[in-house]
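Residue numbering for the first sequence follows my numbering, beginning at 1393 and increasing consecutively.
Report on the structure given below.
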Amino acid sequence: MQQKTLISFSNGDTKEIFKKYLSEKSIFKNKKVLTHSYIPKKIFHRDKEITQISSILAPALKYYQPSNLFIYGSVGTGKTICVKQVLNDLNLIAMENKIDIKTIYINCKLKKVADTEYRLLAQLLNEIGVSVPDTGLPTDVLYRKFFDEIDKKRQVVIIVLDEIDALVKKVGDEFLYNFTRINSELERANVSLVGITNNLVFSNELDARVKSSLGEEEIIFHPYNAVQLRDILEDRAKEAFYLGVVSKGIINKCAALAAQEHGDARRALDLLRVAGEIAERSGKDKITEEDVDLADQKIDLDHIIESVRSLPRQSQAVLYSVMKLTEEGFEKILTGDVFDRYKDLCKRSGLRVLTQRRISDLIGELDMLGIINAKVISKGRYGRTREISLNITQDILDYVKKIISPIFD
DNA sequence: AGTCCACAGGAAGGGCAGGCGA
DNA sequence: TCGCCTGCCCTTCCTGTGGACT
1393 MQQKTLISFS NGDTKEIFKK YLSEKSIFKN KKVLTHSYIP KKIFHRDKEI
1443 TQISSILAPA LKYYQPSNLF IYGSVGTGKT ICVKQVLNDL NLIAMENKID
1493 IKTIYINCKL KKVADTEYRL LAQLLNEIGV SVPDTGLPTD VLYRKFFDEI
1543 DKKRQVVIIV LDEIDALVKK VGDEFLYNFT RINSELERAN VSLVGITNNL
1593 VFSNELDARV KSSLGEEEII FHPYNAVQLR DILEDRAKEA FYLGVVSKGI
1643 INKCAALAAQ EHGDARRALD LLRVAGEIAE RSGKDKITEE DVDLADQKID
1693 LDHIIESVRS LPRQSQAVLY SVMKLTEEGF EKILTGDVFD RYKDLCKRSG
1743 LRVLTQRRIS DLIGELDMLG IINAKVISKG RYGRTREISL NITQDILDYV
1793 KKIISPIFD
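Now the structure itself:
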């Protein structure tokens, strides 16, 4: 006998919202086109770079080891997308011609995926079908397993490490050295490394020994200008929205705003997508300039609020101390001031008091996240310290306060 | 020129949790 | 069960530093 399921709505408003949503026609034809992970059919204004990457990786088709490659360029300049497309094409050609090429793409910034040497190796092993525990084994055992597994047959393995600077910053460059030595240990397979980084001076920060054995080829991706961003947006908008939803003016505005932000194509796509969402939510069938302005603010706000929400309690306490000092009109907030205020806060709220050394690191992390500015200054006879200020506007600050105040007050 | 301040920030290591293999 | 390994968060100890002051 079939069981009957009882359906009832808990709240009349919810029901109405869902009903209304169902009855409305979306302005989006395919929203996925505007996400960062989408690979478009044509990549605009990157022909030269794609040709360069392809020629460097081409020797893999004859089982030679392609040169290690380093790709530099700031956020949203198309590095990842170009590499992914070249790998796609390479895999296709390899398959057609029955050539054994294995390409592995790993984003080193993804938490719990490849943010330590162990996890990177575990992830690589996972990609070639060997499962290892999340922790517990010595790192050299993982290296051995990886080397042995790929050397079982004649093949070329191309490992792409995106945001490689994040991993090097965390665990040092020793692992890169290990990978450069890998080919001398392999009999049948060849391995080549492609590193992608936002840090334009990344190679300068590497150990000379690593640099000499690694940096064989380099490609730099320059930021897009407003005209180039416009071409990219126009192409994506055609697929993402129904006809007439986006005007040329809107595309130009998104392109111009993103071009101001260091020619970031991701930002341009985000602007268009969020503006579309805002327009749709307010029942419009066209995106207006006002929607783009709102989207611009919303993206910043969402980013900061998400960062603050996910901060550990101790970092939130440090941020709250900075906020309180700012509110009280402190002209120049120094590390010592923050630490004193933080101690008071801990006493009142029952939080464990960490050392000043640790708080100094937490201040550095908040600075990295862009929530505060912390500049090292010297006050001569009165010491060397950091001058700290909030890096968020008043309206965002109000939102942030709503999140943190209830925890400590 | 030397002193001194208030930290910055590197290095080493402790303690805990989670996990493996013998 | 025990020894060993890693990750993570943290402390302790230490050296380095820019520039006002003497």
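All C-beta atoms, glycine included, are put in the ideal place defined by N, C-alpha and C.
Just so you know, these numbers come straight off a predicted model, no measurement behind them.
Relative to the Cα of E1416, the nearest Cα in the group A1657, D1677, D1683, V1792 belongs to D1677. Counting along the chain, the unbroken beta strand (DSSP E) around E1779 starts and ends at 1776 to 1782.
In the assembly as shown, N1460 is a buried residue. Its beta-carbon has 16 or more other beta-carbons within 10 Å. Apart from the 5 residues on each side of it in sequence, E1608 sits with its Cβ closer than 8 Å to the Cβ of S1459, N1460, L1461 in its chain, given in chain order. Taking the C-beta atoms as reference points, V1475 is found nearer than 8 Å to V1552. The beta carbon of F1410 sits closer than 6 Å to no other beta carbon from its chain once the five residues preceding and following it are set aside.
With respect to L1482, A1452 sits close: the two C-beta atoms are nearer than 8 Å. Taken through DSSP and simplified to helix, strand or coil, L1754 comes out as helix. Note that the region 1680 to 1692 touches the region 1638 to 1647; at least 3 beta-carbon pairs, one per stretch, sit closer than 8 Å. The region 1688 to 1699 makes no contact with the region 1732 to 1743: fewer than 3 CB pairs, one atom from each, lie closer than 8 Å. In the structure shown, K1494 adopts extended strand secondary structure according to DSSP, grouped into three states. Rounded to the nearest whole angstrom, the CA to CA distance from R1705 to K1471 is 35 Å. Here the alpha carbons of K1716 and F1731 stand approximately 12 Å from one another. In terms of Cβ geometry, V1602 and Y1569 form a close pair [threshold 8 Å]. Apart from the 5 residues on each side of it in sequence, L1534 sits with its Cβ closer than 8 Å to the Cβ of Y1510, L1513, A1514, L1517, V1524 in its chain, given in chain order. The alpha carbon of F1436 has as its nearest neighbour, out of Y1634, F1539, H1654, T1469, the alpha carbon of T1469.
Within the region 1520 to 1593, the beta strand (DSSP E) runs of at least 3 residues that lie entirely inside it are, in chain order, 1548 to 1554, 1582 to 1589. Annotation: the continuous alpha helix (DSSP H) that includes G1668 extends over 1657 to 1673. Nearest C-alpha to A1651 among I1624, V1638, E1672, G1668: I1624. Here G1587 is buried. Its C-beta has 16 or more other C-beta atoms within 10 Å.
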